[in-house]
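For the first sequence, the working numbering assigns the number -5 to the initial residue and increments by one for each residue that follows.
What follows is a set of notes on a single structure, which appears directly below.
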Amino acid sequence: MLIAAWNVNSITVRLPRLVAWLETTRPDVLCVQETKIDDARFPTADIAAAGYAAHVFGQKTYNGVALLVRQGLAVDDVSVGIPGYADEQRRVIAATVAGIRVVGVYVPNGQAVGSDKYAYKLDWLAAFATMLRDERARHPELAVGGDFNVAPDDRDVHDPAAWEGQVLVSAPERAAFRALLETGLVDSFRLFDQPPATYSWWDYRMLAFAKNRGMRIDHILLSPPLAQRCLASRIDRNARKGAKPSDHAPVVVELRTDAVAS
DNA sequence: ATGGCAATGTTTCATTGA
């Protein structure tokens, strides 16, 4: 089973690349971030033609998330937003897919340390941790994928000295990310030896991708039962190449789906 | 120290992203 997460930076602009990627990778579930489109305008038919059911929680211009589920897989208990947390910004969608709880998330960017948006980000992450604690209690098999807008440690930053204390990297953000893990999740990427300087986002400017000046801010977190079944966790940097890319690359985890021993 | 790139709608600039 493949679970993936990708910040597409506008599903309208990225639709051809997204469809091509779905057809080559064939994930079972893709958590999509920054769709930037109203639900009524979501390209549901194009996604269906690619073999996927779309569950959406979008808004125009900013934010917006979706879960794309390969046709034929059972989908139950779709929920949107953070329960009990009033938020005009549409950033979370969850569903149970073939028995596995999948939460797709687009964490606030934070803009700059000390800004109002930064305070919102930290408050939002605390509420999200509460949500994940509850999801963990109800669903032993839990995967949380998306754009977390936090580089967990200095290995995840191309130039840690230049970024020290900045947004995406600051100590309070990293502590908030660790608090998500402390609900009972692991960063799937670090279950495996990984090539150094592996990132998931590169600035469009200054030839950042060509120079591999990036950050690893997109993650898939797994509960222990899924971590035990995780065969691989990788970032598909090929998806960042070529004309009109998103500034993010997809993250993909592969889970073993053998029969339950009895 | 600054801008640089991309997407959107309020569109020929302002805002946001990371």
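Ideal placement from N, C-alpha and C gives every residue a C-beta, glycine not left out.
This one's a predicted model, so the numbers in the text were calculated from it and none came from an experiment.
What does a CB cutoff of less than 7 Å around V180 pick up in its chain, not counting 5 residues either side in sequence?
-> Here the set comprises L215, L216 and A221.
Could you spell out where the beta strand (DSSP E) holding E248 opens and where it closes?
-> Under the DSSP assignment, E248 falls in the beta strand (DSSP E) whose first and last residues are V245 to L249.
Pull up the CB-CB distance for L162 and I211, whole angstroms please, since I reckon it's below 8 Å.
-> About 6 Å; that satisfies the 8 Å criterion.
Write down the C-beta distance between S240 and R35 rounded to the nearest angstrom, noting that I regard them as a contact closer than 8 Å.
-> About 19 Å separates the beta carbons of S240 and R35, which is beyond the 8 Å limit, so they are not a contact pair.
What is the C-beta distance between A(-1) and G178, in whole angstroms, given that I count them as a contact (C-beta under 8 Å)?
-> Between G178 and A(-1) the Cβ distance is about 19 Å, and since that is not below 8 Å, they are no contact.
Does the Cβ-Cβ distance between R234 and W196 come in under 8 Å?
-> It is a contact, given that the beta carbons lie within the stated cut-off.
Any contact of the region 103 to 116 with the region 60 to 79, i.e. 3+ C-beta pairs under 8 Å?
-> Judged by Cβ distances under 8 Å, the region 103 to 116 makes no contact with the region 60 to 79, as fewer than three pairs qualify.
Leaving out five residues on either side along the sequence, give the residues of the same chain with a beta carbon under 7 Å from the beta carbon of I31.
-> Once the five neighbours on either side are set aside, the close Cβ partners of I31 are I5, T6, G52, K54 and G58.
Check the C-beta distance from V26 over to V2 and give it rounded, since I have them as a contact under 8 Å.
-> Separation of the CB atoms of V26 and V2 is rounded to 6 Å, and the pair is thereby assigned contact status at 8 Å.
Is it true that the region 90 to 106 meets the region 129 to 147, where meeting means three or more beta-carbon pairs spaced less than 8 Å apart?
-> With the cut-off at 8 Å, the region 90 to 106 and the region 129 to 147 touch.
What separation, rounded to the nearest whole angstrom, lies between the Cα atoms of Y112 and W118?
-> Spanning the alpha carbons of Y112 and W118 requires a straight line of approximately 10 Å.
Using the Cα positions of P154 and D230, report the straight-line distance between them to the nearest angstrom.
-> Straight across, the Cα-Cα distance linking P154 with D230 is about 23 Å.
Continuous beta strand (DSSP E) stretch holding A(-1): start and end = That run of the beta strand (DSSP E) goes L(-4) to N1.
For S256, which three-state DSSP category applies?
-> Summary for S256: the model assigns pLDDT 49, below 50, so the residue's position carries little reliability; its value from the coordinates is reported in the next sentence. It is coil, neither helix nor strand.
Are the beta-carbon atoms belonging to H242 and S182 less than 8 Å from one another?
-> No, Cβ-Cβ distance for H242 and S182 is not below 8 Å.
Straight-line Cα distance separating L126 from I(-3) = Between I(-3) and L126, the C-alpha separation is close to 18 Å.
A44 classed as buried or exposed, judged by whether at least 16 other C-beta atoms fall within 10 angstroms = So A44 counts as buried.
Of the choices V246, F171, K238 and Y56, whose alpha-carbon is the least far from that of L225?
-> That would be V246, whose Cα lies nearest to the Cα of L225.
Mind checking S256: buried by the 16 CB within 10 Å criterion, or exposed?
-> Unreliable positioning characterises S256 in this predicted model, as indicated by a pLDDT of 49, which lies under 50. The coordinate reading is nonetheless provided below. An exposed status is given to S256, since fewer than 16 other beta-carbon atoms sit within 10 Å of its beta-carbon.
Uninterrupted alpha helix (DSSP H) stretches inside the region 21 to 109 (no shorter than 4 residues) = Every alpha helix (DSSP H) of 4 residues or more that sits fully in the region 21 to 109 is shown, in chain order, as 38 to 43.
By how many angstroms is the C-alpha of Y79 removed from the C-alpha of K115?
-> Put simply, the backbone Cα of K115 is about 13 Å away from that of Y79.
Beta-bridge partners of M209, as assigned by DSSP | According to DSSP, M209 bridges with V151 and W195.
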